[in-house]
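Next up, the structure:
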């Protein structure tokens with residue numbers, strides 16, 4: 001592939017500068033950042049038809065993939081979503097007002113509320129997750145199956161290093 005992307009231009013400019021920069025690492029970081037930004041924009045557009053923002057979708061999808069009864073304690077949601085309890089409360093409140101989520105006292109811990117998908121939330125989550133997954137898949141369309149598998153291995157290696 002001989003085509004240049006915007007990162008090639010940026011790197012060439014840095015090569016001309018008086019700074020000693022790790023350009024090979026910068027090439028990886030800048031492309032990962034650009035791909036992530038493009039993916040976030042694509043996914044946000046895909047969710048517009050459901051009037052969901054990505055954070056709200058993440059809550060619905062987490063409850064959906066938890067399986068029946070599609071109900072979790074806030075602590076489990078926090079662990080999965082990697083957000084603060086305050087941020088989760090705001091998302092749950094918005095989703096509850098729209099009829100997608102209900103909350104009830106946890107019978108095992110009366111200081112906590114369980115969050116569950118309502119019938120309406122289950123229907124919206126089921127449709128949104130398909131549209132979301134297709135938008136994600138479209139991003140990787142230019143890659144062969146072998147390229148995708150290799151990219152998964154490499155990205156996992158980066159994540160495991162960062163998160164260790």
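Residue numbers (full-length UniProt numbering): 1 to 164. C-beta: ideal position from N, C-alpha, C; glycine also.
Reduced DSSP category for residue i - H, G, I as helix; E, B as strand; rest coil
i: residue 53; result: coil
i: residue 147; result: helix
i: residue 21; result: coil
i: residue 2; result: coil
With 16 other Cβ atoms within 10 Å as the buried cut-off, status of residue i
i: residue 161; result: exposed
i: residue 137; result: exposed
i: residue 86; result: exposed
First and last residue of the uninterrupted alpha helix (DSSP H) at residue i
i: residue 8; result: 6 to 15
Contact set for residue i: own chain, Cβ-Cβ below 6 Å, skip 5 residues either direction
i: residue 66; result: 72
i: residue 139; result: 39
i: residue 61; result: 129
Close-in-space but distant-in-sequence residues of the same chain around residue i (CB under 7 Å, 5 per side omitted)
i: residue 91; result: 55, 56, 59
i: residue 30; result: 7, 10
i: residue 106; result: 73, 112, 113, 114
Beta-carbon proximity list for residue i, same chain, < 8 Å, skipping 5 on both sides
i: residue 131; result: 46, 47, 49, 50
i: residue 15; result: 23
i: residue 27; result: 7, 11
Complete beta strand (DSSP E) runs within the region 67 to 149 (minimum length 3 residues, chain order): 101 to 106, 109 to 117
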